[in-house]
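Input: a single structure, listed below in structure tokens.
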Amino acid sequence: MSTAIFPGSFDPVTEGHLDIIRRAAKHFDKLVVGVFNNIRKKAFLPVELRVKALEEAVSDMGNVEVVAFDGLLADYMTENDIPVIVRGLRSVTDFEYEQGQAQIIKDIHPELDTFFLLTKPQYSFISSSVVREMYNFGGDISKLVPESVLIAIEHFNNK
Ligand code: ADP
Numbered sequence: 016m017s018t019a020i021f022p023g024s025f026d027p028v029t030e031g032h033l034d035i036i037r038r039a040a041k042h043f044d045k046l047v048v049g050v051f052n053n054i055r056k057k058a059f060l061p062v063e064l065r066v067k068a069l070e071e072a073v074s075d076m077g078n079v080e081v082v083a084f085d086g087l088l089a090d091y092m093t094e095n096d097i098p099v100i101v102r103g104l105r106s107v108t109d110f111e112y113e114q115g116q117a118q119i120i121k122d123i124h125p126e127l128d129t130f131f132l133l134t135k136p137q138y139s140f141i142s143s144s145v146v147r148e149m150y151n152f153g154g155d156i157s158k159l160v161p162e163s164v165l166i167a168i169e170h171f172n173n174k
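Now the structure itself:
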């Protein structure tokens, strides 16, 4: 069975992430979306809400599983027998960062490979940080994120 992981902060998940998930899921028997729980960074949405919003957004994709993880990605992959990382690329800046990450992982774990998917042009300007910023200034983010994220953000901020 071919399995891959799409790791990220997904804080919050955007339409750009979902497009990568949908496209990557077609090429593997199973795609794990790994929500990184960075305890050192203050989150916009708590990890449980990020996972829940993602699960709802991918509920029509039968072979996609959402998990939260902390610690080193490579350790999680080795423990769970996942040999492939999927990452999305929007720009040369993304490429330069991802190249370094992929090469470090390759150097330490030669058995792991990173697959890259280029964003569709209409998603190339969407990032979680743009969504956060727009939301914090009262902007309309409804076209940038799935509905489950809008609900999660409202729920979290009005509690
Ligand atoms: P990280 O903090 O690990 O970069 P992100 O949640 O920001 O996590 O992104 C996870 C992955 O999704 C990265 O590979 C990133 O390049 C990719 N990505 C983010 N936004 C988009 C987008 N609009 N189109 C395609 N890929 C994207």
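So the number in the working numbering is just where the residue sits in the sequence shown, counting from 1, plus 15. For glycine and all other residues, C-beta sits at the position ideal for the given N, C-alpha and C. Note that the structure is predicted; figures quoted are calculated from it, not measured.
Handout entry: Helix, strand or coil at Lys45 according to DSSP, with G and I counted as helix
Key = strand
Practice task
Could you check the C-alpha separation between Ile158 and Pro27 for me, to the nearest Å?
Solution key: Residue 158 is actually Lys in this sequence, not Ile. Rounded to the nearest angstrom, the two C-alpha atoms are 13 Å apart.
Practice task
Look at the alpha carbon of Pro161 and the alpha carbon of Arg65, and state the distance between them as a whole number of angstroms.
Solution key: 12 Å
Practice task
Out of Ser17, Ile35, Met16, Thr18, state which residue places its alpha-carbon closest to the alpha-carbon of Phe25.
Solution key: Ile35
Handout entry: Close beta carbons around Val82, own chain, < 8 Å, minus the five adjacent residues each side
Key = Val47, Val48, Gly49, Val50, Val66
Problem - CB contact flag (Ala117, Thr129, <7 Å) - result: yes
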